[in-house]
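Read through the structure below, which is laid out as structure tokens, and then see the notes.
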Amino acid sequence: MRIPEANRDNLNAEQQEIYDRIASGPRGQVRGPYHAYLLHPGVCEGIERMGHFLRFAAKLPGNIRELAILVVGRHWRAEFEWFAHAPIAIREGVSEEVVAAIEADTTPSFTDDNEAAVYAFVRSLLATGRIDDNAYGDMKTRLGEDGIVELMGLVGHYTGVAMTLNTFEIVPPEGERPAFTD
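Last residue of the sequence shown: 272 in my numbering, with the numbers rising by one and none dropped.
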């Protein structure tokens with residue numbers, strides 16, 4: 091890691107307030123990208139609120155949310171993002187086979203049509219920066235326009251998280267198996 095882990099005792103009052111909110115909230119601890127974000131309280135404040143909303147208050151079903159996060163993490167090869175979210179994805183109902191296929195960068199065999207559509211949509215968006223009319227129309231039918239906005243917020247947010255993790259070389263704890271070997 092290019093920066094030291096955030097230690098509450100070494101933070102200023104503004105940073106400590108954010109640290110305490112993160113640690114006492116549903117995340118239960120400060121880890122991963124928050125070690126970097128806490129270096130800039132204003133950035134941390136905004137990102138923490140967006141991340142909290144997307145994970146804990148938004149309307150997308152958990153399996154769809156976590157599937158999209160895994161696709162983003164795999165695309166950017168963000169080891170910590172994968173480490174943190176692969177177990178959550180499985181708990182939220184994404185099959186272990188789908189998770190393993192995404193980790194291996196192969197197209198999964200889906201039993202859930204919505205998961206298949208979201209996977210294709212997010213992969214296309216990350217690969218080309220665009221979504222064609224057919225994919226947009228299909229996703230509008232599945233999620234509604236507000237659901238597409240939420241999905242785009244999720245993809246954008248976790249792309250930023252992945253870039254932060256990769257920039258600061260924030261990786262899973264020692265002893266954890268790397269997800270990406272390619």
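Just so it is clear, CB atoms sit at the ideal spot from N, CA and C, and this is done for glycine as well.
DSSP state of residue i mapped onto helix, strand, coil
| i | result |
| --- | --- |
| Glu139 | Sequence inspection shows Arg at residue 139; the Glu mentioned does not correspond to that position. The answer is helix: DSSP assigns Arg139 an H, G or I state. |
| Arg92 | coil |
| Glu193 | helix |
| Glu169 | helix |
Contact set for residue i: own chain, Cβ-Cβ below 6 Å, skip 5 residues either direction
| i | result |
| --- | --- |
| Thr249 | Val162 |
| Glu182 | Gly152, Asn153 and Glu156 |
Closer than 7 Å: residue i CB and nearest the ligand SAH heavy atom
| i | result |
| --- | --- |
| Leu216 | Because no ligand of any kind appears in the structure shown, any question about the ligand SAH cannot be addressed here. |
Residue interval of the alpha helix (DSSP H) (run including residue i)
| i | result |
| --- | --- |
| Gln119 | Counting along the chain, Gln119 falls outside any alpha helix (DSSP H), and DSSP gives it neither H nor E. |
| Glu104 | Ala103 to Ser114 |
| Ser214 | Asp203 to Thr218 |
| Thr257 | Asp223 to Thr257 |
Cβ-Cβ distance between residue i and residue j below 8 Å
| i | j | result |
| --- | --- | --- |
| Phe78 | Glu169 | Examination of residue 78 is not possible in this model, given that the chain is present from 91 through 272 alone. |
| Leu128 | Ile108 | yes |
| Arg213 | Glu193 | no |
| Leu144 | Gly243 | yes |
| Glu240 | Ala147 | no |
| Asp223 | Asp272 | no |
| Ala62 | Val189 | With the chain covering 91 to 272 only, the question about residue 62 has no answer from this structure. |
7 Å CB neighbourhood of residue i in its chain, flanking five on each side removed
| i | result |
| --- | --- |
| Val266 | At residue 266 the sequence reads Glu, which differs from the Val that was named. Closer than 7 Å at Cβ, skipping near neighbours: Phe173. |
| Gly141 | His247 |
Spatial neighbours of residue i in its chain, beta-carbon cut-off 8 Å, leaving aside the 5 residues before and after
| i | result |
| --- | --- |
| Glu187 | Pro198 and Ser199 |
| Gln106 | Arg98 |
| Glu138 | Ile108, Arg111, Ile112, Tyr124 and Tyr127 |
| Met91 | His125, Phe258, Glu259, Ile260 and Val261 |
| Tyr226 | Ile238 |
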